[in-house]
Structure formats: structure tokens, C-alpha cells
Amino acid sequence: MNFRRLGAIFRKEALHILRDVRSLIAALLVPVSMLLLFGYALTLDVDRIPTAVHDLDETPESRALIERFRGSRYFTIARQDGGYSAMEVEIDHGRLLLGIIIPRGYARTLARSEEAQVQLLLDGSDSNTASIAAGYAEAVVIAHAADLRDQALRARGMGELKMPLDPRIRVLYNNELKSKNFIIPGLIAVILMIISALLTSLTVAREWESGTMEQLLSTPVRPAELLLGKLLAYFVLGMTDMAVALVLGVGVFGVPLNGSLWLLTAFCALFLFGALCWGIFLSTVTRSQLLAFQASMVSSFLPAFLLSGFMYAIENMPFIVQQVTRIVPARYFVTALQGIFLKGVGLDVLWGEAVFLLLYAGLVFTLAVRKMRQKMA
Amino acid sequence: MWERIRQIVIKELRQTLRDPRMRAILIAPPILQMIIFGYAVNLDVERVRLAFMDPDRSAASRDLRERFTASPYFELVAMPENGRDAERLLDRGAAQAVVRIMPGFGSGVLRGEPQEVQILLDGANSNSAGIIANYASGVIGAYNRELLQAQQTRRLVGRTREGPVRMTLPGVRAETRIWFNPELKSRHYFVPGTMANIILLVTLMLTALSVVREKEIGTMEQIMVTPIRPIELMLGKTIPFAMVGLVDMAAVTAIALFLFQVPFRGSLLVLLLASVLFLLTTLGAGLLLSTLSATQQQAMIGSFFFFQPAFMLSGFTFPIRNMPEAVQWMTLLNPMRYFMEVVRGVFLKGVGVEVLWPQLLMLGIFGVFILGFSAMRFRKRLD
Chain A
648 MNFRRLGAIF
658 RKEALHILRD
668 VRSLIAALLV
678 PVSMLLLFGY
688 ALTLDVDRIP
698 TAVHDLDETP
708 ESRALIERFR
718 GSRYFTIARQ
728 DGGYSAMEVE
738 IDHGRLLLGI
748 IIPRGYARTL
758 ARSEEAQVQL
768 LLDGSDSNTA
778 SIAAGYAEAV
788 VIAHAADLRD
798 QALRARGMGE
808 LKMPLDPRIR
818 VLYNNELKSK
828 NFIIPGLIAV
838 ILMIISALLT
848 SLTVAREWES
858 GTMEQLLSTP
868 VRPAELLLGK
878 LLAYFVLGMT
888 DMAVALVLGV
898 GVFGVPLNGS
908 LWLLTAFCAL
918 FLFGALCWGI
928 FLSTVTRSQL
938 LAFQASMVSS
948 FLPAFLLSGF
958 MYAIENMPFI
968 VQQVTRIVPA
978 RYFVTALQGI
988 FLKGVGLDVL
998 WGEAVFLLLY
1008 AGLVFTLAVR
1018 KMRQKMA
Chain B
6 MWERIRQIVI
16 KELRQTLRDP
26 RMRAILIAPP
36 ILQMIIFGYA
46 VNLDVERVRL
56 AFMDPDRSAA
66 SRDLRERFTA
76 SPYFELVAMP
86 ENGRDAERLL
96 DRGAAQAVVR
106 IMPGFGSGVL
116 RGEPQEVQIL
126 LDGANSNSAG
136 IIANYASGVI
146 GAYNRELLQA
156 QQTRRLVGRT
166 REGPVRMTLP
176 GVRAETRIWF
186 NPELKSRHYF
196 VPGTMANIIL
206 LVTLMLTALS
216 VVREKEIGTM
226 EQIMVTPIRP
236 IELMLGKTIP
246 FAMVGLVDMA
256 AVTAIALFLF
266 QVPFRGSLLV
276 LLLASVLFLL
286 TTLGAGLLLS
296 TLSATQQQAM
306 IGSFFFFQPA
316 FMLSGFTFPI
326 RNMPEAVQWM
336 TLLNPMRYFM
346 EVVRGVFLKG
356 VGVEVLWPQL
366 LMLGIFGVFI
376 LGFSAMRFRK
386 RLD
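As C-alpha cells, this is what we get:
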């Protein structure tokens, strides 16, 4: 290993990056645009559910129930009394999510001290939104029912019935339950993967395609030096992206960073090193930019996006897919990121993740060097 | 003219299908992506890892624990002894929720005094946490109603002088009916959406790269000395990828229907029509990218830049309704949004042209506009 040769390769690669201004801007814009999207625009939090009411009873009692829905911030009463078929059409068009139907005789049933029924119609096609909306709507009805019961008991002079159990829900780590707080930390993994997939995977293949590899081969540079030199240039770019993401995420979007910044940086560096080695490995093997790009999309970006737990929880996947996620390095990285950001835990909890990422980086580095030596010989 | 177009189509098809690795790229990634997406993209919450902390060890607390273990949503993974152990379970992610009973719970319930039950949730994944809170409240609510019923009966029965009379109280019950996806499986929602993503990604990238590659290798000059006209070259370049796009569409539809068992309630013709209209847009965007980029790398990064907002702002995972108003207006300019609505509408709701005509119209307008615009640019570049 000769540091002068390594430095020369690094300078050459850095010049490549700096000269291709369009790609460089793109590489720096990716994290910014993703963070802006996830910070401002994209959320899974459900509120202002567009609701229609079809009140067949039209009594003070039925209107009291409607008022209760109107008072909740989760519902927006979009229309009232368009009739059942109008409601059906609106749900078909996707303009309504929830329909509340109060049957005729609602007030009379209550006056007889019996249980009245209210129908809730939900568009279940977006199942996540639908199940959350159903939970909110049923909670409104239950609260209303409890009020009616208490009123009746008081009217008969029997005092109130107290609920025997009083559930107190306490949310740890992300107590406002904002989806951006859990998505933005994981986003760092996705961004680093994009850099390695989009840029690094092309770097060696490009040299083969444009014929400059032969020129490099005629120099005394050794495989490990070539690999590390190229890698270092993209490493700097990747860490810059991480810094941008961190500043925007914590500074602008107010994502809490409860753990240690140093530990976070160390994890990022470790993960990035492994990801870059993998990109260069693919690039060496395929020798074609198109193939290298496709291969790294499928083997690094998609798993980082889908199988890492960044957005879609791993415990909900089928058993076999869960086992597959065990070999996805991004999974361990995302666990570490969410742990450091939200839970504020340290190496005492995250040592397993650190060991895995270390082993992965070592393994892929060895593989890449060996492959490069083979191809250069 | 048609003869020359035919020749280009044949050349292009031969060129792409000649290389076995290229053949694999046309078919394998879409299918692979479809399968990974289909299994991985899932927001349902099942089998919540639950820890139950019970220092009381009374009949009532055991009763409550059994309610949780009997629920299909919960799986008891630990019985921590103290609060520190419970928090450690949450820290490590071994448990997603902890139900904590207070000492004196059992005797309190017997006396009919309200008893606090603490539920600690790992809120890191806010979406799961919200749903788990719903489930837990549901279990406790059901237990509550039973205890209450018992109390009510004790108090209300036998209060009159005429002997034991059972009195009832007014109540309201919600009867929830869920349309289109009654089991609330998020897979039924995501798999059709995934199809839209894959078609966009494949056709966009292939078109952009195929033109740029000719520029990079220098074969573009050779084509330009032939008598072919720009519009013919453009059609010749896009028709093969339109065919590839339709074949991929058929493949992923088959996977959605047979592997993931997504219900298909609408008409195949509407789906085909929408796919063709959408392909106009993706092929046009691909050509546009090819005129904007000098190297394959730039074309790839460019297609990624087109794909990413189109994907995020299409309503695929994140409902458009939740976005800030300004961003909601922006999504009106996203052709992907309309295609997503058509695909989901056709699969899940079974609606046809009578409901989806605005979306189809918008897809048509976008297709003609983008393809026309890139054709104009394409011509200028060649001259």
C-alpha cells in the first residue's frame, strides 16, 4: 500500500466527480429533496377524514351525535344528507372516506332505553388509513354512548357508573407520534444507499466501457490502492450528504437526536464503507454501466428501502422475508439510526448491529479487492 | 416511412434481445421487484410483541392478561419484574408494548374502584404505535364493558319494591362496514400500486438509456447519415419499449392476481387503455431525458430524479389527502397519480370509465403533451 498512489487515484476520482457538475448537483440534491418531501409533505398521520352524514332520524338526539363528530379534529363533515346513493358515488370516486348513517327510529330506541345502532361505512381500499379512521370513529361513538348512559343513570338518581379500568397510554421515544420522526432517521440509510448505487456502481464500469481501464492497468497502481482511492472520493461525498441530512432533519424539521452524535457518525461511516465496497464490487464484476446500475438498484437500494424497516415494519412481513432481512445490512443500520435518534441508546444496546456492520464491511472489502485483482491481472 | 420505422424497431429489438443479460434485465427485475414489494410493503400490524408486568398477581390481573393473549393481535413475549426491565425490553425492541398493572389492582377491582392500567408503547414507528394503541384500548374496553355489566346488574337489579327487575340503559353501538377491502389487508392496496411504479421505472430508464448509449458509443452518427427522419427514429426507438412495457404489465398483473391473490373487480380493457396512455408519458419522459443527458450516468440519475417525486407524490404509501394544500395542488401535475388511481380503482373498487374518465383524460393529455414536447426537442438535437 503506497499512500502517494492512493492519493493520486483519489485526486483523479475527485476531479471526475467535480467535473461532472450535473451529477454532482444531483448527488447533493437527492438528500435535500427527499428530506423536504418527508419533512413537509409525506405523512401517515390521519386527520381531517372526509365524512358524509346521512341522518334518517333527524331528531335532536341524532344531531347530538353528529355534533360530536363535527367537534373532533379527526373528521371533516364534507356533506350532509345527500342520501345513500350519493354517498356511494362519492366513495367510489374516492372523495369520501367515511359515511355515517343514522337509522330512522334512532331517538325512539334510545328513549326506550335500548341500544341503538349507527352504521359506519368505510372505504377500506387504503387499509391503513381505514383502520385508523375506524378506530377514531368507533371511539367517538363509544364516548357518546357512555355520556348517554351516565345521563340516564343521573336522571334515575342512581349516580354514575365508574369505568373499572382506566387505561393510561404512554408513548415512549416519539410521544407526539409523528411519522416524520421515525422516517427521517431511516432516510439517512436510504440516501447513503442511493449515493453508492447511483454513483459508485458506475465508477469502475465506466473505466472499462470508455477504455481508460487499460491506461490504469499500465500504471504501477495496485488493486487495493485503486479501490480505496476511488472509494475515498465517494466516501467524502456520502458523508457530506449525511451531514446535510442531519442538519436539515434536526435543525429544520426538529427530529430529536437523543443519542450520541459521535456514535451516529461512526455508524454512518461504517455502513457507508460497506455499501461503497459493494458498489465497486458490482461495478468490477459486471463491467457495464447499465448492468451495474440495475444490479445495485436491486441489491442495495431496494432492500434498503423495503427490507430495512425504514418505513415498513419487518415484524409484519412473512416469515421467509423476515429471514431475508437478516442479511440486509441496511436493516441493522436503520435499527441503529432509530435507536440513536429516538431512543437515545448507546453501544450497550447496539453492539450487535455494530458487529454485523463491521463484519459485513470487512467481508465486502476483501471480496472487492480480490475481484479487482482478478480482473486487473 | 413505415418501412424505415419497421427497420428501426427490428434493429432495436434485436439489439436488446441479443444480449442474454439484457434479456434478463427486461423481465427479471420487474418480477423480482414485484415480489419483494408485494411481500415487504405492508402497514398492517399483527402479532404485537407484548410484555405484561404484573406485580399484583391477582385473579383480575390474570384475567386481563388472558384477554390480551386471547386476542389475535398480541403475542406475549415477556413478563418483566420491574419498570427497569420493562423499559429495557422496549429499548432493545424486544417488546413493542408493555401493559403495566399496579399493586393492589385485584382488590381495587373487587371494590369497584377505578384502577389505572398503564400501557407503554414504543412510539418509534408512529404508525404501528397508533394502531397498537387502538388494539390495546379495544381489549381493555371489552374487559371494562364486562365488569361494568356485572356492576350494573348488581346495582340495577332488585331495586324496585315489586321484586327483581332488570333495567336497561340506553346505548349506541357502531356497526362498521368496510367496502372494497373488508379484511383491511394493506397488500390489496399496495400491490396494484406497485405495478404502476414498476412500469414507470422500467420503461423510463430503458428508453433514456437506449438513446444515450448510441450517443456515447458514437453509433448515433451512423444512424444520422441514413435517410431516416427524426420522427421515424423516435417512433422506432419507443415502439419496442412500449411493447416491453406492455409485456411487463401483463407479467406483474399475473403475479398480483395469482401470487398475491389481489381481487380484480374491474375491466381488463380499462386497465389496458390506462397502461397505453401512461406509457405515452413514460416513453416521452424517457426520450426527454435522453435529449438532456450526455452520458448514461446522467440519464440514470435523471430518471431517478423523475421517478422519485413521481413515486412519492402519487399517493402510493402516503395519502395525498394528508399533504399540505400546496403540495396537493402539485400532485395534480403528476401523471403517476392518475395512473395509480385508475389501477387501484379497477382492481379494488371495480369502477369503470364512468368514474375514471377524468383520470384517463388527464393521462391522455399528459401523454400527448410530453411525447410531443420531447419529439420536438429530439428533432432539434438531431438536426
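Here the protein sequences line up with chains A and B, keeping their order.
For the first sequence, our numbering begins at 648 and goes up steadily by one.
For the second sequence, our numbering begins at 6 and goes up steadily by one.
Virtual Cβ for every residue (Gly too), placed ideally from N, Cα, C.
Inset, instruction - Determine the extent of the beta strand (DSSP E) in which G250/B is found, giving its start and end residues. - result: Taking the first residue of the second sequence as 1, we reach residue 250/B at position 245. Note, G250/B: premise wrong, no beta strand (DSSP E); alpha helix (DSSP H) at 235-259.
Inset, instruction - Spell out whether any CB of chain A is found under 8 Å from the CB atom of W7/B. - result: For the purposes of this step, residue 7/B is taken as residue 2 along the second sequence, with counting starting at 1. Not an interface residue.
Inset, instruction - Starting from D702/A, trace the beta strand (DSSP E) both ways and give me its first and last residue. - result: Translated into positions along the first sequence, residue 702/A becomes position 55. That run of the beta strand (DSSP E) goes 696-702.
Inset, instruction - Kindly list, in the order they appear in chain B, the residues whose Cβ is closer than 9 Å to that of I816/A. - result: Here residue 816/A refers to the residue found at position 169 of the first sequence. By Cβ distance, chain B contributes Q123, I124, L125, L126, A138, A141, S142.
Inset, instruction - Can you pull the chain A residues whose beta carbon is under 9 Å from the beta carbon of L95/B, in chain order? - result: Taking the second sequence and counting its residues from 1, one reaches residue 95/B at position 90. The answer, in chain order, is L819, Y820, K990.
Inset, instruction - Tell me G1038/A's beta-bridge partners as DSSP assigns them. - result: A query on residue 1038/A cannot be resolved here, the shown segment of chain A reaching from 648 to 1024 and no further.
Legend entry - For A102/B, three-class secondary structure by DSSP: Residue mapping note: residue 102/B aligns to position 97 of the second sequence, counting from 1. Residue state, collapsed to three classes: strand.
Legend entry - P169/B versus P175/B - alpha carbon distance: Locating residue 169/B in the second sequence gives position 164, where the first residue counts as 1. Locating residue 175/B in the second sequence gives position 170, where the first residue counts as 1. Reliability fails at P169/B, whose pLDDT of 49 lies under 50, so the model's placement of it is uncertain and no value is given.
Legend entry - The alpha helix (DSSP H) enclosing Q302/B, as first and last residue numbers: Taking the first residue of the second sequence as 1, we reach residue 302/B at position 297. Q302/B -> alpha helix (DSSP H) spans 301-317.
Inset, instruction - Report yes or no: is there a C-beta of chain B within less than 8 Å of the C-beta of R726/A? - result: Here residue 726/A refers to the residue found at position 79 of the first sequence. For R726/A, the answer is no, since every Cβ of chain B falls outside 8 Å of its Cβ.
Inset, instruction - Thinking F318/B and T208/B are a contact (beta carbons under 8 Å), I'd like their distance in whole angstroms, please. - result: Locating residue 318/B in the second sequence gives position 313, where the first residue counts as 1. Locating residue 208/B in the second sequence gives position 203, where the first residue counts as 1. Looking at the sequence provided, one finds Leu at residue 318/B rather than Phe. In fact, because the Cβ distance is near 19 Å, the residues do not count as touching under 8 Å.
Inset, instruction - For F928/A, collect the residues of the same chain with a Cβ closer than 7 Å to its Cβ; drop the 5 residues on either side in sequence, then sort them by chain order. - result: In the first sequence, residue 928/A corresponds to position 281, counting from 1. Hits under 7 Å: V1011, L1014, A1015, K1018.
Legend entry - For P169/B, three-class secondary structure by DSSP: Indexing the second sequence from 1 puts residue 169/B at position 164. Note that P169/B has pLDDT 49, beneath the 50 cutoff, so the model's placement of it is unreliable and no number is given.
Inset, instruction - Check whether the Cβ atoms of R1020/A and P867/A sit closer than 8 Å, and answer yes or no. - result: For this step, residue 1020/A is matched to residue 373 along the first sequence. For this step, residue 867/A is matched to residue 220 along the first sequence. At a Cβ-Cβ threshold of 8 Å, R1020/A and P867/A do not count as neighbours.
Inset, instruction - Kindly indicate which residue of G833/A, P697/A, T756/A, I696/A has the alpha-carbon position closest to the one of L682/A. - result: Locating residue 682/A in the first sequence gives position 35, counting from the first residue. L682/A has its Cα closest to that of G833/A, out of G833/A, P697/A, T756/A, I696/A.
Inset, instruction - Could you tell me which chain A residues have their CB closer than 8 Å to the CB of F323/B, listed as they occur along the chain? - result: Looking up residue 323/B in the second sequence gives position 318. In chain order: A688, L689, T690, L691.
Legend entry - Same chain, Cβ closer than 8 Å to V257/B, five either side skipped, listed in chain order: Here the question's residue 257/B lines up with position 252 in the second sequence. Cβ within range, chain order: P35, I36, M39, T199, M200, I203, I204.
Inset, instruction - Check the Cβ of P34/B against every Cβ in chain A and list those closer than 7 Å, keeping chain order. - result: For the purposes of this step, residue 34/B is taken as the residue at position 29 of the second sequence. Ordered by position in chain A, the residues that pass the 7 Å Cβ test against P34/B are Q941, V945.
Inset, instruction - Compare the C-alpha of E962/A against each of A213/B, N132/B, V50/B and name the closest. - result: Position 315 of the first sequence, counted from the first residue, corresponds to residue 962/A. Here the closest residue by C-alpha is V50/B.
Inset, instruction - Can you grab the Cα-Cα spacing for the pair G901/A / I137/B, in whole Å? - result: Taking the first residue of the first sequence as 1, we reach residue 901/A at position 254. Taking the first residue of the second sequence as 1, we reach residue 137/B at position 132. Straight-line Cα distance between these residues: approximately 25 Å.
Inset, instruction - Compare the C-alpha of M812/A against each of E151/B, I183/B, S215/B, A129/B and name the closest. - result: Within the first sequence, residue 812/A is the residue found at index 165, counting from 1. Sequence inspection shows Leu at residue 812/A; the Met mentioned does not correspond to that position. Checked all of E151/B, I183/B, S215/B, A129/B; the closest Cα to L812/A is E151/B.
Inset, instruction - Report buried or exposed for V249/B, applying the criterion of at least 16 other Cβ atoms within 10 angstroms of its Cβ. - result: Counting from 1 along the second sequence, the entry for residue 249/B is found at position 244. Flag for V249/B reads buried.
Inset, instruction - Determine whether the Cβ of P903/A lies closer than 8 Å to any Cβ atom of chain B. - result: If you number the first sequence from 1, residue 903/A lands on position 256. It does not: the Cβ of P903/A has no partner Cβ on chain B nearer than 8 Å.
Inset, instruction - Please state if the CB of I106/B and the CB of A673/A are separated by a distance shorter than 8 Å. - result: Against the first sequence, residue 673/A aligns to sequence position 26. Against the second sequence, residue 106/B aligns to sequence position 101. No, they are not a contact pair.
Legend entry - Spatial distance of R978/A from Q936/A (CA atoms): Looking up residue 978/A in the first sequence gives position 331. Looking up residue 936/A in the first sequence gives position 289. Between R978/A and Q936/A, the C-alpha separation is close to 27 Å.
Legend entry - Residue range of the alpha helix (DSSP H) that includes A871/A: Taking the first residue of the first sequence as position 1, residue 871/A is located at position 224. Looking at the DSSP string, the run of the alpha helix (DSSP H) that includes A871/A is 870-893.
Legend entry - D995/A: first and last residue of the uninterrupted alpha helix (DSSP H) it sits in: Stepping through the first sequence from its first residue, residue 995/A is reached at position 348. Run containing D995/A: 994-1023, per the alpha helix (DSSP H) assignment.
Inset, instruction - Throw me the rounded Cβ distance for the L873/A and I987/A pair, which I believe falls under 8 Å. - result: As a working mapping, residue 873/A is identified with position 226 in the first sequence. As a working mapping, residue 987/A is identified with position 340 in the first sequence. With 8 Å as the limit, L873/A and I987/A do not qualify as a contact, their Cβ atoms being about 34 Å apart.
Inset, instruction - Within the same chain, show all residues whose beta-carbon is closer than 6 Å to that of V281/B, passing over the 5 residues directly before and after it, in chain order. - result: As a first step, residue 281/B is located in the second sequence; it is residue number 276 there, counting from the start. Result list for V281/B: empty, nothing under 6 Å.
Inset, instruction - Taking F914/A as part of the alpha helix (DSSP H), name the residues at either end of that continuous run. - result: Locating residue 914/A in the first sequence gives position 267, counting from the first residue. Here the alpha helix (DSSP H) through F914/A covers 908-933.
Inset, instruction - Note down the Cα distance separating Q798/A from E737/A, rounded to an integer number of angstroms. - result: Translated into positions along the first sequence, residue 798/A becomes position 151. Translated into positions along the first sequence, residue 737/A becomes position 90. The alpha-carbon atoms of Q798/A and E737/A are separated by roughly 36 Å.
Inset, instruction - Under the assumption that F269/B contacts L262/B (Cβ atoms under 8 Å), give the Cβ distance between them as a whole number of angstroms. - result: Indexing the second sequence from 1 puts residue 269/B at position 264. Indexing the second sequence from 1 puts residue 262/B at position 257. Right, the Cβ-Cβ distance comes to about 6 Å (below 8 Å), so this counts as a contact.
Inset, instruction - For chain B, find out if any of its Cβ atoms is closer than 8 Å to the Cβ of L757/A; answer yes or no. - result: Your numbering for residue 757/A matches position 110 in the first sequence. Under the 8 Å criterion on CB atoms, L757/A is classed as interfacial with respect to chain B.
Inset, instruction - Report the option in S732/A, V693/A, Q766/A, S670/A whose CA atom is closest to the CA atom of D704/A. - result: Against the first sequence, residue 704/A aligns to sequence position 57. For D704/A, the nearest C-alpha among the options comes from Q766/A.
Legend entry - D61/B in three-state terms, based on DSSP: As a working note, residue 61/B is residue 56 in the second sequence. Three-state DSSP puts D61/B in coil, outside helix and strand.
Legend entry - For Q764/A, the nearest candidate out of L954/A, I748/A, D773/A (CA to CA): Counting from 1 along the first sequence, the entry for residue 764/A is found at position 117. When only C-alpha atoms are compared, the closest one is I748/A.
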